[in-house]
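Take a look at the structure set out below.
2 protein chains.
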Amino acid sequence: MPLVDFRTEPARYRHWRLAVDGPVATLTMDVDEAGGLAPGYELKLNSYDLGVDIELYDAVQRLRFEHPEVAAVVLTSGKDKVFCAGANIRMLAGAPHPWKVNFCKFTNETRLAIEDATEGSGQAWLAALNGTASGGGYELALACEHIMLVDDRSSVVSLPELPLLGVLPGTGGLTRLTDKRHVRRDIADYVATRPEGVGGSRAVAWRLVDEAVPRARWAEAVGARAARLAGRSARRAGMRGVALTPLAKTRTGTEISYDHVSARLDRPAGVAEITVSGPAQDAPADVGALHESGTGFWSLAVARELDDLILDLRTNETELGTWVLRTSGDSGRVLGYDRLLAENAGDWLASEVIGYWKRTLKRLDVTSRSLIALVEPGSCWAGSLLELALAADRSYMLAGVFSDLDPDAERAAITVGEMNLGLLPMGNGLTRLQTRFWGDEPGLAAAEKRAGQMLEAEEAAQLGLVTFAPDDLDWAEEVRIAIEERSAFSPDALTGMEASYRFAGPETMETKIFGRLTAWQNWIFYRPNASGPDGALRRYGSGRRAEFDRKRV
Amino acid sequence: MPLVDFRTEPARYRHWRLAVDGPVATLTMDVDEAGGLAPGYELKLNSYDLGVDIELYDAVQRLRFEHPEVAAVVLTSGKDKVFCAGANIRMLAGAPHPWKVNFCKFTNETRLAIEDATEGSGQAWLAALNGTASGGGYELALACEHIMLVDDRSSVVSLPELPLLGVLPGTGGLTRLTDKRHVRRDIADYVATRPEGVGGSRAVAWRLVDEAVPRARWAEAVGARAARLAGRSARRAGMRGVALTPLAKTRTGTEISYDHVSARLDRPAGVAEITVSGPAQDAPADVGALHESGTGFWSLAVARELDDLILDLRTNETELGTWVLRTSGDSGRVLGYDRLLAENAGDWLASEVIGYWKRTLKRLDVTSRSLIALVEPGSCWAGSLLELALAADRSYMLAGVFSDLDPDAERAAITVGEMNLGLLPMGNGLTRLQTRFWGDEPGLAAAEKRAGQMLEAEEAAQLGLVTFAPDDLDWAEEVRIAIEERSAFSPDALTGMEASYRFAGPETMETKIFGRLTAWQNWIFYRPNASGPDGALRRYGSGRRAEFDRKRV
Numbered sequence: 000m001p002l003v004d005f006r007t008e009p010a011r012y013r014h015w016r017l018a019v020d021g022p023v024a025t026l027t028m029d030v031d032e033a034g035g036l037a038p039g040y041e042l043k044l045n046s047y048d049l050g051v052d053i054e055l056y057d058a059v060q061r062l063r064f065e066h067p068e069v070a071a072v073v074l075t076s077g078k079d080k081v082f083c084a085g086a087n088i089r090m091l092a093g094a095p096h097p098w099k100v101n102f103c104k105f106t107n108e109t110r111l112a113i114e115d116a117t118e119g120s121g122q123a124w125l126a127a128l129n130g131t132a133s134g135g136g137y138e139l140a141l142a143c144e145h146i147m148l149v150d151d152r153s154s155v156v157s158l159p160e161l162p163l164l165g166v167l168p169g170t171g172g173l174t175r176l177t178d179k180r181h182v183r184r185d186i187a188d189y190v191a192t193r194p195e196g197v198g199g200s201r202a203v204a205w206r207l208v209d210e211a212v213p214r215a216r217w218a219e220a221v222g223a224r225a226a227r228l229a230g231r232s233a234r235r236a237g238m239r240g241v242a243l244t245p246l247a248k249t250r251t252g253t254e255i256s257y258d259h260v261s262a263r264l265d266r267p268a269g270v271a272e273i274t275v276s277g278p279a280q281d282a283p284a285d286v287g288a289l290h291e292s293g294t295g296f297w298s299l300a301v302a303r304e305l306d307d308l309i310l311d312l313r314t315n316e317t318e319l320g321t322w323v324l325r326t327s328g329d330s331g332r333v334l335g336y337d338r339l340l341a342e343n344a345g346d347w348l349a350s351e352v353i354g355y356w357k358r359t360l361k362r363l364d365v366t367s368r369s370l371i372a373l374v375e376p377g378s379c380w381a382g383s384l385l386e387l388a389l390a391a392d393r394s395y396m397l398a399g400v401f402s403d404l405d406p407d408a409e410r411a412a413i414t415v416g417e418m419n420l421g422l423l424p425m426g427n428g429l430t431r432l433q434t435r436f437w438g439d440e441p442g443l444a445a446a447e448k449r450a451g452q453m454l455e456a457e458e459a460a461q462l463g464l465v466t467f468a469p470d471d472l473d474w475a476e477e478v479r480i481a482i483e484e485r486s487a488f489s490p491d492a493l494t495g496m497e498a499s500y501r502f503a504g505p506e507t508m509e510t511k512i513f514g515r516l517t518a519w520q521n522w523i524f525y526r527p528n529a530s531g532p533d534g535a536l537r538r539y540g541s542g543r544r545a546e547f548d549r550k551r552v
Numbered sequence: 000m001p002l003v004d005f006r007t008e009p010a011r012y013r014h015w016r017l018a019v020d021g022p023v024a025t026l027t028m029d030v031d032e033a034g035g036l037a038p039g040y041e042l043k044l045n046s047y048d049l050g051v052d053i054e055l056y057d058a059v060q061r062l063r064f065e066h067p068e069v070a071a072v073v074l075t076s077g078k079d080k081v082f083c084a085g086a087n088i089r090m091l092a093g094a095p096h097p098w099k100v101n102f103c104k105f106t107n108e109t110r111l112a113i114e115d116a117t118e119g120s121g122q123a124w125l126a127a128l129n130g131t132a133s134g135g136g137y138e139l140a141l142a143c144e145h146i147m148l149v150d151d152r153s154s155v156v157s158l159p160e161l162p163l164l165g166v167l168p169g170t171g172g173l174t175r176l177t178d179k180r181h182v183r184r185d186i187a188d189y190v191a192t193r194p195e196g197v198g199g200s201r202a203v204a205w206r207l208v209d210e211a212v213p214r215a216r217w218a219e220a221v222g223a224r225a226a227r228l229a230g231r232s233a234r235r236a237g238m239r240g241v242a243l244t245p246l247a248k249t250r251t252g253t254e255i256s257y258d259h260v261s262a263r264l265d266r267p268a269g270v271a272e273i274t275v276s277g278p279a280q281d282a283p284a285d286v287g288a289l290h291e292s293g294t295g296f297w298s299l300a301v302a303r304e305l306d307d308l309i310l311d312l313r314t315n316e317t318e319l320g321t322w323v324l325r326t327s328g329d330s331g332r333v334l335g336y337d338r339l340l341a342e343n344a345g346d347w348l349a350s351e352v353i354g355y356w357k358r359t360l361k362r363l364d365v366t367s368r369s370l371i372a373l374v375e376p377g378s379c380w381a382g383s384l385l386e387l388a389l390a391a392d393r394s395y396m397l398a399g400v401f402s403d404l405d406p407d408a409e410r411a412a413i414t415v416g417e418m419n420l421g422l423l424p425m426g427n428g429l430t431r432l433q434t435r436f437w438g439d440e441p442g443l444a445a446a447e448k449r450a451g452q453m454l455e456a457e458e459a460a461q462l463g464l465v466t467f468a469p470d471d472l473d474w475a476e477e478v479r480i481a482i483e484e485r486s487a488f489s490p491d492a493l494t495g496m497e498a499s500y501r502f503a504g505p506e507t508m509e510t511k512i513f514g515r516l517t518a519w520q521n522w523i524f525y526r527p528n529a530s531g532p533d534g535a536l537r538r539y540g541s542g543r544r545a546e547f548d549r550k551r552v
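Taken in order, these protein sequences are the chains called A and B.
Residues in the first sequence are numbered from 0 upward in steps of one, following numbering that gives the first Met the number 0.
Residues in the second sequence are numbered from 0 upward in steps of one, following numbering that gives the first Met the number 0.
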């Protein structure tokens, strides 16, 4: 399979149409059957594969940055009588296990990005189901704030994964039914075992949708609802968007590089060495410069590059199991950019940039790779960039300098900044510092109190902000062992351990989706009852029933 | 493999010694190497299998019921230099997948029962690690309130599962490190990848243990700590325990029966039909009768029988994927027994009986079987018994009577009682009613308001207390389809769905253990990287390194 590229733009969409009319945008799903990312399946009935979802993600992002005047997004279908049939079954049945899991992760992130757009940007998403929404199609609707279903005695919503395919709804459907829409668990149980779905007034009574509207009143009702949703928002005409210009990227077999981010792919070692460069200049004095620079603004540029890099490595480089994270540059400048954003968090674009950082860091949190941060002289682990180290499973900080290499270098240091204190929460609702010091209030207070100060290794280690602080003599050996042993451990067990440790403390719908649901689905996907030659996923559409090992586990 | 029997008593223990000395009990682990439940492995170094844990569970229960005067339990080892090496690896490597998962579930429940004894009965457990505690051995210590480790330069605590076996610590070790002991996640990461473990002052500094005590002061220090823990408790000398007399049980290939509980095993259908009988007499007038009756008291007897039945079916009948739940008897009498307990919740024995119900219902919540409750005329779904229906995935309630069978019967009814309103919380900390109506405060209030009233089908359905309320004409067909279709679905997908739906709302350490950890571990256990012929679990001890598929999933 060729490398998957996550970069696209509306002019290149094959499966979606985006139309903006003042405060209301309409995003129409009209999947090109022949437009699958890989051969071997047709995307019938608005079913989707990763390629379809890459365009959807692009649309969500562009609506936020390029169309700030949009306050409501109508999500609907360009097909007759079908909204969306969910993930393409033949694609799933034929895909290797890691592909299935990674695909589900990205689609889940995109559904959460839709919810985040409502909460963070006041762009309310309205699912206008002009036909049946089944499986992942209904789950896409569940990510919207309001769901309208055409009431025509044939259109339904359904979750047929369990009865027809022997797997779970993979994009949060179970969790959103109970925890978001407050559908009673026994009703939810019934719905998820009933492939024929539920429509009309029963779907409304069971809270599966918010409205069922006859076809005769459909267009008018959708328009009125969209206008009402848009009316709630603070977004107003006159805001001028920022174009998400094409991302400059070069990629070879051993290196991926962007303007500020680069990754060296060390295949024999199973390691990606990622370096993020700090700003080359001081931050501008006011927020106007952000609007002028657009994607040239350091913070936005880095978020975009990191986002693309994470997606690229997750999808295309599954054997690079360890990501070593470095930064390079001036901490003061990083904090200057952070400060400009934080002080202007009321500005829509500054807020969008912060939100993009938040989502990119969350993407890192749910990435199934070991993350090791290295804090060396010349690095700029401060504020927003320090979050990368706090997201890591472990960090090593050099005590002092490399005396052979550069005895006169400034000693390695880290700085807690405003960005670490609340603007970039994790999926569990806490900051990475709060999660790190979960249950240790004095430890958290001590770390937060030092915000703004350059902390050298001994102090950073004592405060618990880095894991280990070896000196020059021990550094090379200790870091080498940490990285090498990571590559020698079971990748599966590492994934399970990291997913557990990264989310200490409280849980949310989001952490349930990436923790519980993903773990159950991984298991179910891997079992012969789903993916074996006689399993439900493989037999679907063959006219033959699946054969199950009936032992309950 | 012969049927596993969960009934035992101290006189029959092969692996433990229980000694009670006033307020302090000492439970000594001294595993009989040759005493494994199945052939093919030796239980060296105090490693355990299900048989060892069955005895531990029995001891936990007996301490609560038979030794109410005990206020501290010292958990220690009868071996030299080793506390406990955790679950036996050869046993795990040779066990089929369902056995591994069920074994971990039971051991997890028993660890939680230890924590529950501290919280619910004021019996504080003290882990006195007189030697190395590794893997499940350390996890057993983590379930205790206080951990002492002998400081002798060789004894350590460790979680070597990931580096040596390619699996996760399976009994809550990861979660307890971060969420209970507040070990920082990067330190926890280091600990769980370091097979050689951590001892002495470093183990204390990292919060892995509470004290490290030199061997010279060991006995004295453990005694003093146990006395201090015991001194905190309200438990006092003079309380007289109740003997947990042998459980009367008959078991054939098609039926399991006790005094009040029976199960018909319908193997062709894959169904166990479970019936719980209500009390044959009215509840006694005062709590003295409970102390006199002991295990003859209806509520205690039913809790014991249900507990044993759940464990038996889970372990021995993995192909009975659906449990149909019925009750039979007089609702008023059930509520009478409940009332006696609730009004005397300050009495230690009444409190223990309520606690036992709580734990038994929690066991049902985490059981990987579809639970369907049937509410028919002649049933007594009230209070404590109604919890069984609320724990079910679905319930069907007959509207009225079976006119052909018994037209003059009293119409089927359910009654919300005091036991449904807070005394029997789930693992998520909520009552089953609160979980059911999660996010629907008016629905919860409406249901709770009707406490004490007999509710017939239409009303019960309208209040959301039962799922469906078919009448006589539809009943047989509707119930038959529900049960039959359950048996036709993928057992794996059902397990995943039910585990998700049963725990709407907030999460706790307990739900994380049964949700996240269990799901991840299921997946990891099933992957060739652990359980394949070249996997880490199978190759352990062979002198050959595991071979991993290095793709990160």
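Virtual Cβ for every residue (Gly too), placed ideally from N, Cα, C.
Every value quoted in this text rests on a predicted model; they were computed, and no experiment measured them.
| query | result |
| --- | --- |
| Cβ contact check for the segment 249-261 of chain B and the segment 94-108 of chain B: 3 or more pairs under 8 Å | no |
| Proximity to LEU17/B [Cα-Cα], best of VAL69/B, TYR137/B, ILE523/B and ALA233/B | VAL69/B |
| Chain B contact for GLN122/A (CB, 9 Å cutoff) | no |
| Span of the alpha helix (DSSP H) around GLN325/B | Checking the sequence, you will find Arg at residue 325/B rather than Gln. Counting along the chain, ARG325/B falls outside any alpha helix (DSSP H), though it belongs to the beta strand (DSSP E) covering 321-327. |
| Within-9 Å CB hit, LYS550/A to chain B | yes |
| ALA518/A burial status per 10 Å Cβ neighbour count (16 or more: buried) | buried |
| Nearest-angstrom beta carbon gap, ASP48/A and THR7/A [assumed within contact, 8 Å] | The Cβ separation is near 14 Å, so there is no contact. |
| Among TYR395/B, LEU385/B, GLY377/B and VAL81/B, the one whose alpha carbon lies nearest that of ASP407/B | GLY377/B |
| Selected residue, minimal CA-CA separation from GLY540/B, among VAL81/B, LEU91/B and GLY34/B | LEU91/B |
| LEU44/A: first and last residue of the uninterrupted alpha helix (DSSP H) it sits in | No alpha helix (DSSP H) holds LEU44/A; DSSP gives it neither H nor E. |
| Beta-carbon spacing of ALA435/B, LEU389/B below 9 Å | Note that residue 435/B corresponds to Arg in the displayed sequence, not to Ala. Against a cut-off of 9 Å, the Cβ pair of LEU389/B and ARG435/B comes out as a contact. |
| Spatially closest choice to GLY504/B from ASP185/B, GLN520/B, THR192/B and LEU432/B, by CA coordinates | LEU432/B |
| Contacts that LEU49/A makes with chain D (C-beta to C-beta distance below 7 Å) | The structure shown contains no chain D; its protein chains are A and B. |
| Endpoints, alpha helix (DSSP H) assigned at THR109/A | 96-120 |
| Collapsed DSSP secondary structure at MET396/B in the structure displayed | strand |
| Assumed close pair GLU447/B, VAL478/B - CB separation to whole angstroms, cut-off 8 Å | With 8 Å as the limit, GLU447/B and VAL478/B do not qualify as a contact, their Cβ atoms being about 28 Å apart. |
| Endpoints, the beta strand (DSSP E) within which MET147/B is located | 145-150 |
| Sequence-distant residues of its chain with Cβ nearer than 8 Å to GLY421/A (five each side left out) | THR430 |
| Within 7 Å of chain A by C-beta, residues of the segment 527-541 of chain B in sequence order | ASN528, ALA529 and ALA535 |
| Burial state of LYS80/B, where buried means 16 or more other Cβ atoms lie within 10 Å | exposed |
| Short-range partners of chain B found in the segment 71-101 of chain A, where Cβ spacing is below 7 Å | HIS96, PRO97 and VAL100 |
| Residue-chain proximity (MET496/B, chain A), Cβ-Cβ < 9 Å | yes |
| Proximity below 9 Å, CB of GLU304/B to CB of LYS248/B | yes |
| 7 Å Cβ cut-off: residues of chain A touching HIS181/B | TRP437, GLY438 and ASP439 |
| ASP265/A, enclosing beta strand (DSSP E) - first and last residue | 260-265 |
| Supposed contact pair CYS143/A and LEU125/A - C-beta distance, whole angstroms, cut 8 Å | 6 Å |
| CB contact below 9 Å: LYS511/A versus chain B | yes |
| Helix, strand or coil at PHE82/B according to DSSP, with G and I counted as helix | strand |
| Within chain A, partners of PHE547/B - CB distance below 9 Å | ALA487, PHE488, SER489, PRO490 and ASP491 |
| The segment 368-387 of chain A / the segment 120-137 of chain A touching (three or more Cβ pairs under 8 Å) | no |
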